[in-house]
Amino acid sequence: MSSHRSFLPRPLSVYLSIYGVAALVLLLTADATVLAHELGTTLVAISFPSDRTYAVAIAADASALLARLELARQEPRSSPDSAAAYQQRFDLLCADVLEHLSLTFDNVTASAHASCAVDAADVAAAADPSALGVTVTLAGAVPDAVDSFRWRYDLTGT
Amino acid sequence: MRLLLTALAALILVTPVAAHDFWVEASQYRPKVGALVGLRLLVGQDMLGDPVRRDDAVIDRFLIRRADGDEAVPGRDGADPAGIVRVAAPGLLAIGYQSRPRPVELPPDKFEQYLGEEGLDEIKSVFRRPAADGGVARELFSRCAKTLLQSGPVQPGEGDRPLGLPLELVADRNPYAAVAGAPLSFVLTYRGQPKANALVVAINRTNPELKRSGRTDRQGRVTFELPAPGVWMVKAVHMIPAPNDAAADWQSFWASTTFDLP
Chain V
259 MSSHRSFLPR PLSVYLSIYG VAALVLLLTA DATVLAHELG TTLVAISFPS
309 DRTYAVAIAA DASALLARLE LARQEPRSSP DSAAAYQQRF DLLCADVLEH
359 LSLTFDNVTA SAHASCAVDA ADVAAAADPS ALGVTVTLAG AVPDAVDSFR
409 WRYDLTGT
Chain R
5 MRLLLTALAA LILVTPVAAH DFWVEASQYR PKVGALVGLR LLVGQDMLGD
55 PVRRDDAVID RFLIRRADGD EAVPGRDGAD PAGIVRVAAP GLLAIGYQSR
105 PRPVELPPDK FEQYLGEEGL DEIKSVFRRP AADGGVAREL FSRCAKTLLQ
155 SGPVQPGEGD RPLGLPLELV ADRNPYAAVA GAPLSFVLTY RGQPKANALV
205 VAINRTNPEL KRSGRTDRQG RVTFELPAPG VWMVKAVHMI PAPNDAAADW
255 QSFWASTTFD LP
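Each protein sequence line maps, in turn, to chains V and R. Note that this note's numbering has the first sequence beginning at 259, numbered continuously upward. Note that this note's numbering has the second sequence beginning at 5, numbered continuously upward.
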């Protein structure tokens, strides 16, 4: 039995024994049954590979995320006109994402590294580069003997 | 030990604020003839928005007005951008989006907050909190969004025209013939008639702090001296009691128009 079973709940451990990875996917989206105004969509996938590491992938709209990062820096909004131009801006600002989230294991903040990758342009994005997506990836180590994991992220619409 | 995956309530980021603006954002506001222009539907505040994918079931009208008539804005259901149009001829192009009424429910305190934010004083004065504990304000809302594009040089006599949206802001002249700092007026109409005493707000995309607001006069007119060039959204909200046969107490209409001020 691999070491991760010592700190994972049984159902998840079973899952891990089959797939070797646990994924917690949180789809933050408008639901037809939610009586609210239209809502943006951010997809967060949190996985715990078997080597006592964690990985978080945040898939968001590139234009919206960039605007929020620029606003947080109190910078004027930019208007990149290509996937490459978006990537250049995210290369400068991606580390700021860490200031807008927290990852804690048993109330101890986990260290993380962030990288941002703008999606390759598809046909629709060719007509409108602002419609590109971006994936923010975070990775780090899971501390020993932890009971809980908590996550907070505030770079979305409210 | 066991690791409990705890998705905190704070993570569920779908909790709505009192109200969200809705607007059409074009990939380019001054396209050349022949260019493809992507049209995104955005929801948010202060022109900081998230994309809304095209939902054909929700669209009442999504049209582009050309010199020779109106055309439906093509797009794939579920796509972002919601529409893509090709600029066929020079001139001012008006694109309008009207959604079917959809329900929203808000706690009374949020509803009152939103009435205040949107300047809906008449409704606020008659709104009574639901008697039952946990009661909500039930509303039907419709989006009436518009964007103006200019292809080629501005031609004399060419101006904004009503598209027939239920609630609509119409610039009294071509915004692309205006300049930052000079007066630019808009007329707000509801069902084709001037809407007086409505709060109208103008927001700059690059710097939302450059916000301007005013109330319409008896002719539905409001005038701004927009202080900076760039993409602006001008917006207003109107609310009425919902029809008797509706499963709602109120019905709201959200008008917006976007353009790139020289």
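In this text, a Cβ means the ideal position worked out from N, Cα and C, and glycines have one as well.
Any C-beta of chain V under 8 Å from that of residue i
i      : result
R/G123 : no
R/D253 : no
R/F145 : yes
R/F190 : no
CB contact check: residue i to chain R, cutoff 8 Å
i      : result
V/E357 : no
V/G415 : yes
V/A389 : yes
V/D319 : yes
V/L350 : no
V/L329 : yes
Where residue i meets chain R, residues with beta-carbon distance less than 9 Å
i      : result
V/A342 : Residues of chain R passing the Cβ test: none, with the nearest at roughly 16 Å.
V/R326 : L52
V/A399 : Here the premise fails: no neighbours, minimum Cβ distance about 13 Å.
V/A322 : L46, G48, L52, G53, D54 and P55
Proximal chain R residues relative to residue i, where beta-carbon distance stays under 8 Å
i      : result
V/S369 : Those within 8 Å of V/S369 in chain R number zero; the least Cβ separation is about 17 Å.
V/G419 : What the structure shows of chain V is the stretch from 259 to 416, and residue 419 of chain V is not part of that stretch, so it cannot be assessed.
Cut-off 8 Å between Cβ atoms - residues of its own chain near residue i, not counting five sequence neighbours on either side
i      : result
V/T311 : A397, G398, A399 and V400
R/R219 : G123, N201, A202, L203, V204 and V226
V/A378 : A341
V/T367 : S360 and L361
R/K215 : D50, V205, A206, I207 and N208
Endpoints, alpha helix (DSSP H) assigned at residue i
i      : result
R/S103 : No alpha helix (DSSP H) holds R/S103; the beta strand (DSSP E) holding it covers G95 to S103.
R/K128 : D125 to V130
R/P112 : P112 to E121
R/L167 : Neither: R/L167 is in no alpha helix (DSSP H) and is coded neither H nor E.
R/S189 : R/S189 -> not in any alpha helix (DSSP H); beta strand (DSSP E) instead, spanning P187 to Y194.
Alpha-carbon spacing of residue i relative to residue j, whole angstroms
i      : j      : result
R/D50  : R/R58  : 22 Å
R/R85  : V/D405 : Looking at the sequence provided, one finds Pro at residue 85 of chain R rather than Arg. In a straight line, the C-alpha of R/P85 is about 43 Å away from that of V/D405.
V/I304 : V/F363 : 13 Å
R/L271 : R/G224 : Lying outside 5 to 266, the shown extent of chain R, residue 271 of chain R is not represented and no answer is given.
R/V140 : R/P107 : 12 Å
V/L324 : R/A232 : 22 Å
R/D25  : V/F348 : 26 Å
R/P179 : R/G163 : 8 Å
R/R194 : R/D64  : Strictly speaking, residue 194 of chain R in this sequence is Tyr, with Arg absent from that position. Cα to Cα, R/Y194 sits roughly 17 Å from R/D64.
R/W258 : R/F145 : 7 Å
V/T300 : R/E121 : 27 Å
R/A181 : R/D264 : 11 Å
V/S321 : V/D354 : 15 Å
R/R209 : V/S308 : 45 Å
R/G82  : R/D60  : 8 Å
R/L188 : R/V174 : 11 Å
V/T287 : R/P55  : For V/T287, the predicted model reports a pLDDT of 41, less than 50, meaning its position is unreliable; a value from the coordinates is still stated below. Taking the straight line joining both Cα atoms gives about 11 Å.
R/K150 : R/Y101 : 6 Å
V/L390 : R/K199 : 38 Å
Own chain, CB closer than 7 Å to residue i, minus 5 neighbours either side, in chain order
i      : result
R/V77  : L43, F66, L67, I68, G87, V89 and I99
R/A186 : E229
R/A250 : L144
V/P338 : Y344, R347 and P387
Contacts that residue i makes with chain R (C-beta to C-beta distance below 7 Å)
i      : result
V/R335 : R209 and T210
V/D386 : S31, G42, R44 and P85
Beta-carbon proximity list for residue i, same chain, < 6 Å, skipping 5 on both sides
i      : result
V/L351 : L327
R/M243 : L124, I127, W254 and S256
V/H358 : D412 and L413
R/M237 : W27, M51, I207, S260 and T262
R/L12  : The predicted position of R/L12 is uncertain, since its pLDDT is 36 and thus under 50; a value taken from the coordinates is nonetheless stated next. Around R/L12: no qualifying Cβ.
R/V91  : P35, V37, A39 and S155
R/A240 : L192, A202, V204 and A259
V/A313 : S305 and A397
Continuous beta strand (DSSP E) stretch holding residue i: start and end
i      : result
V/L350 : Careful: V/L350 lies outside any beta strand (DSSP E), inside the alpha helix (DSSP H) at A341 to L351.
R/P276 : This structure gives no information on residue 276 of chain R, because the portion of chain R shown stretches from 5 to 266.
R/R4   : Absent from the model: residue 4 of chain R. The displayed extent of chain R is 5 to 266, so no value can be given.
V/S369 : Careful: V/S369 lies outside any beta strand (DSSP E) and carries neither H nor E.
heavy atom of the ligand GTP below 7 Å from residue i C-beta
i      : result
R/P231 : Within the structure as shown, the ligand GTP is missing, as the structure has no ligands at all.
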